[in-house]
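Protein chains in written order, with this note's numbering: chain A, 1 to 114; chain B, 115 to 263.
Note that the Cβ used here is the ideal one computed from N, Cα and C, for glycine as well.
It should be emphasised that the depicted structure is a prediction, and the values quoted were computed from it without experimental measurement.
To start, the structure under review is shown below, and the notes come after it.
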Amino acid sequence: MSMLVNPRRLDDVVILDLSGRITMGEGTLVLRDRIGKLLAAGHQKFLLNLADVDYIDSSGLGELVSSFTTVRNQGGQLKLLNLTRRVQDLLQITKLLTVFEVFNNEAEALKTMT
Amino acid sequence: MTSKRRRSFELTIPSRIEQMEAVHDLIAEAVKAYKLNNEMAHWIELSISESMINAIQHGNKADPAKQATLRISSSGDAIEIIVEDEGCGFTLDNVADPTDKANLLKPSGRGILIIRSFMDEVDLLPREGGGCRLRMLKRLPGMDGARPK
C-alpha cells in the first residue's frame, strides 16, 4: 500500500493525515511534493498525523527530517502527532525523538503551534 | 542452530529501486511460510528492505547491469538472511553514526543502524568473485525478541 496524504486546516495549521507506507520512492516523493506546495502557498505550520502509518523505512525517516528542516528554514513549524509504537521505536533508535516535537493529542499539539 | 532447516527463498534482481516490490513480495511469502507474528514480520521486512536498498544504491551504485541477490532461510530457531551485491562495497565500521548530533538532521545514513538494532548478528564480508555479502541472523526464541533492542 502506498502512502496517502489528506490535508485539513484548523486556523493557520495544516494537519496532514498520513496513511500507508512512507518508503523510498513514491511515499517520500508524495510527502515532499505536498509540503513543498503548501509552503509555496504560504502555509508555515504543519502537524503530521502518523496514526495510520504502519511502516516507515530509513528513507521515510529521512524525508521527515528533510521536511522538518525545510519548514524550519522558512520560519515555520513541523510537529508529529500520534506515532504508532513501531514508528516511535524507530525515532527512539535513531534519536530523532530529540529532533521532533511529538504529541499524542491533537488539541494539545495545536495549542503549542503559536 | 539445529538441522531443522525449512524452506528457503531466493531472488536476484537488477539494481533498480523499482524492483523492490518483488523483494517485498518474497519477504511476505517467507514470513508467511515461517509463521512469524506481525511484529517479527515487520522488523524482518524492514531489515531486509534496508539491506537490499543498500546493496542496490551503495553497493551496485544503482547500475542495473549489476545484480543484487537475497536469500532467506530458517532453521526454525533462527532466520538467516544473505544479501549480496556486485559493487565495491563499504565496511560497516566506516558508516557515520547517524545518532551523532552532527548527523541528526542528515536525510540519509540510518539503514545500518536500524538493521543492527533488530538483528542478533550482522556481518559484512567480501563476496567470492567481487562485491559484498551481508549476513544477518535473527534468533526466534518464542518471538519475544520481536522488537528492536
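> On the three-state DSSP scale, how would you describe M233 of chain B?
Replying inline: As a working mapping, residue 233 of chain B is identified with position 119 in the second sequence. M233 of chain B: coil per DSSP, three-state reduction.
> Mind pulling the chain B residues with CB within less than 7 Å of V65 of chain A?
Replying inline: The residue you call residue 65 of chain A lines up with position 65 of the first sequence. Neighbours of V65 of chain A on chain B, chain order: L219, P221.
> Measuring CB to CB, does I193 of chain B end up less than 8 Å from K252 of chain B?
Replying inline: Translated into the one-based positions of the second sequence, residue 193 of chain B becomes position 79. Translated into the one-based positions of the second sequence, residue 252 of chain B becomes position 138. Going by C-beta atoms, I193 of chain B is nearer than 8 Å to K252 of chain B.
>> So, does the region 157-173 of chain B touch the region 220-240 of chain B, judging by three or more C-beta pairs under 8 Å?
In response: Contact holds: three or more Cβ-Cβ distances are below 8 Å.
> Mind checking P240 of chain B: buried by the 16 CB within 10 Å criterion, or exposed?
Replying inline: Along the second sequence, read from residue 1 onward, the residue named residue 240 of chain B stands at position 126. Classification for P240 of chain B: exposed.
> Could you give the distance in angstroms between the alpha-carbon of F46 of chain A and the alpha-carbon of L10 of chain A?
Replying inline: For the purposes of this step, residue 46 of chain A is identified with residue 46 of the first sequence, where counting begins at 1. For the purposes of this step, residue 10 of chain A is identified with residue 10 of the first sequence, where counting begins at 1. Straight across, the Cα-Cα distance linking F46 of chain A with L10 of chain A is about 10 Å.
> Residues in its own chain within less than 7 Å of A144 of chain B by CB, not counting five upstream and five downstream?
Replying inline: Start at 1 with the first residue of the second sequence, and residue 144 of chain B comes out as number 30. Closer than 7 Å at Cβ, skipping near neighbours: F123, I186.
> Can you name the residues of chain A whose CB is closer than 9 Å to the CB of H156 of chain B?
Replying inline: Stepping through the second sequence from its first residue, residue 156 of chain B is reached at position 42. Near H156 of chain B (Cβ distances below 9 Å), the residues of chain A are D54, Y55, R86.
>> Using C-beta distances below 7 Å, list every residue in its chain close to A210 of chain B, excluding the 5 sequence neighbours before and after it, in chain order.
In response: Along the second sequence, one-based indexing puts residue 210 of chain B at 96. Closer than 7 Å at the Cβ level, and outside the excluded window around A210 of chain B, lie N217, G223.
> Does DSSP classify A155 of chain B as helix, strand or coil?
Replying inline: Residue numbering aside, residue 155 of chain B sits at position 41 when the second sequence is read from its first letter. Here DSSP, grouped into helix, strand and coil, assigns A155 of chain B to helix.
>> Could you compute how far the alpha carbon of D177 of chain B sits from the alpha carbon of P128 of chain B?
In response: Numbered from 1 along the second sequence, position 63 holds the residue referred to as residue 177 of chain B. Numbered from 1 along the second sequence, position 14 holds the residue referred to as residue 128 of chain B. If you take the alpha carbons of D177 of chain B and P128 of chain B, they lie about 8 Å apart.
>> Just checking: is the beta-carbon of I127 of chain B within a distance shorter than 8 Å of some beta-carbon in chain A?
In response: The count along the second sequence starts at 1 and reaches residue 127 of chain B at position 13. No - not a single Cβ of chain A is within 8 Å of the one on I127 of chain B.
> Among B:G190, B:M250, B:L184, which has the Cα closest to the Cα of T126 of chain B?
Replying inline: Position 12 of the second sequence, counting from 1, holds the residue named residue 126 of chain B. B:L184 is the residue among B:G190, B:M250, B:L184 whose C-alpha sits nearest the C-alpha of T126 of chain B.
>> So for L150 of chain B, helix, strand or coil by DSSP?
In response: Taking the first residue of the second sequence as position 1, residue 150 of chain B is located at position 36. In this structure, DSSP gives L150 of chain B a state outside helix and strand, which the three-state scheme calls coil.
> Between which two residues does the alpha helix (DSSP H) carrying N73 of chain A extend?
Replying inline: Start at 1 with the first residue of the first sequence, and residue 73 of chain A comes out as number 73. For N73 of chain A, the uninterrupted alpha helix (DSSP H) run begins and ends at 58-73, by DSSP.
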